[in-house]
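Step one of this worksheet: look at the structure below.
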Amino acid sequence: MTTDANDLALLERLGREAGQLAMRWFGPDAAVDPEVWMKEGDSPVSQADFAVDEFLKRELLAARPDYGWLSEETEDDGSRRQAKRTFVIDPIDGTRGFLNHMRQWCVSLAVVEDNRPVAAVLECPALGETLTATRNTPALLNGTPIAACTFNDGTTLRVTGPRSAQTALMNLEPHTVERMNFVPSLAYRIAMVAMARADLIVARGSAKDWDLAAADLICHQAGGKLTDREGRTLAYNCRDVRHGQLVASCATRHDEMLDLARRAIDKAS
């Protein structure tokens, strides 16, 4: 019988290999200069994305042939919804940053069962970071437990998200608001809450399952919380894989942060 721990070990091993494969195309001194195409919505996809996707699909489904498959770079035929467990994969989350030699990108891997992630890995090879979790074990960074927190220094709210929402927060929030630098990977931004590197993440309504599933579980197991703007828990591997506006923060103050984020989003609109 396959367990969450077994699936996590598989994701870790193949995520590490996938990360090293992606590194062949990363940075000004890359071994290979990747070809790049533009997808709908002016979003780039590179030769590296396709290579990592092909590698993970082949290796993961060879190990778990009865699992479903959902990936940003694979056409979805809907058959995944008949499987008990489904791999939800983003070969390179943060492709635009990857192509601009920014280090905050990751290979995002999750196993989803009953519409929620049960095992997750964010492999960030350019940063030397591996984040992991299962639904029954703590979130780890390179093997060490991590914990979300809010207002790390007691006064400053560290925020990442659309600049307009950050500006609106500065006018709403009585505490000091620190506008953080742009991070190209949404999954990594959510993980920043889990690692206590950010207090509030606000995201526009354009994310898909593959952007979120792994980071959601890691954030949750670290004491964080990711919801839609109404405070609802996200469901994955549904017919529609799109999600609306999102908020991530420490779980103990999520209601407060959610209200603040909603007001900022509405003010910025």
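Take 176 as the starting number for the sequence shown in this note's numbering and just add one per residue.
Beta carbons: idealized from backbone N, C-alpha and C, even for Gly.
Contact between the stretch 364-383 and the stretch 303-321 is established, with three or more Cβ pairs separated by less than 8 Å. Here DSSP, grouped into helix, strand and coil, assigns R333 to strand. Counting along the chain, no beta strand (DSSP E) covers W385; the unbroken alpha helix (DSSP H) around it starts and ends at D384 to Q396.
For W200 and A366, the gap between their C-alpha atoms comes out near 24 Å.
Counting only unbroken stretches of 3 or more residues, no beta strand (DSSP E) element lies wholly within the stretch 177-211. Rounded to the nearest angstrom, the Cβ distance from Q396 to A343 is 31 Å, too far for a contact under 8 Å. Considering only D217, L392 and R379, the residue with the shortest C-alpha distance to A436 is R379.
Just so you know, the alpha carbons of Q341 and L433 end up roughly 14 Å apart.
For I267, the enclosing beta strand (DSSP E) stretches over residues R260 to D268. A direct Cα-Cα distance of roughly 8 Å separates H429 from G399. As computed with DSSP, V296 is found in a beta bridge with L284 and T307. When secondary structure is reduced to three states using DSSP, T312 falls in the strand class.
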